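Set out below in structure tokens:
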């Protein structure tokens, strides 16, 4: 299950409208309970707990959010090294 922020940079003027439109789509324990037991949860960060994802889910055993961020960091470092050397 993949989620992202509801209001990205540059969309601040749409924040109220977007938050209202997406309110029922938070990835939470109820949603996760309907997924397969081996489902994982991803988020590209930054995450707003209690909006697009609950704290219980982002910190839970099915979350790979922080592993995902670490992997992205290493990929970005490798790309920089490749481009700059």
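Residue numbers (the numbering used here): 652 to 736. Here a beta-carbon is modelled for each residue, glycine too, at the ideal position from N, C-alpha and C. Note that the coordinates shown come from a computational prediction; the quantities given were computed from them, not determined experimentally.
Apply the 10 Å Cβ neighbour rule to residue 666 and answer buried if 16 or more other Cβ atoms are within range, or exposed otherwise. Here residue 666 refers to the residue found at position 15 of the chain shown. Sixteen is the threshold: since fewer than 16 other Cβ atoms of the shown chains lie within 10 Å of the Cβ of residue 666, the residue is exposed.
Bridge partners of residue 653, per DSSP? Mapped onto the chain shown, residue 653 falls at position 2. In the DSSP output, where bridge partners are listed per residue, residue 653 has 693.
Could you tell me the boundaries of the alpha helix (DSSP H) in which residue 686 lies? Counting from 1 along the chain shown, the entry for residue 686 is found at position 35. Looking at the DSSP string, residue 686 is not in any alpha helix (DSSP H), and its letter there is neither H nor E.
Should residue 694 go down as buried or exposed, given a rule of 16 or more other Cβ atoms within 10 Å for buried? Indexing the chain shown from 1 puts residue 694 at position 43. Per the 10 Å Cβ criterion, buried.
Among 713, 704 and 656, which one has its Cα closest to the Cα of residue 688? Stepping through the chain shown from its first residue, residue 688 is reached at position 37. Nearest C-alpha to residue 688: 713.
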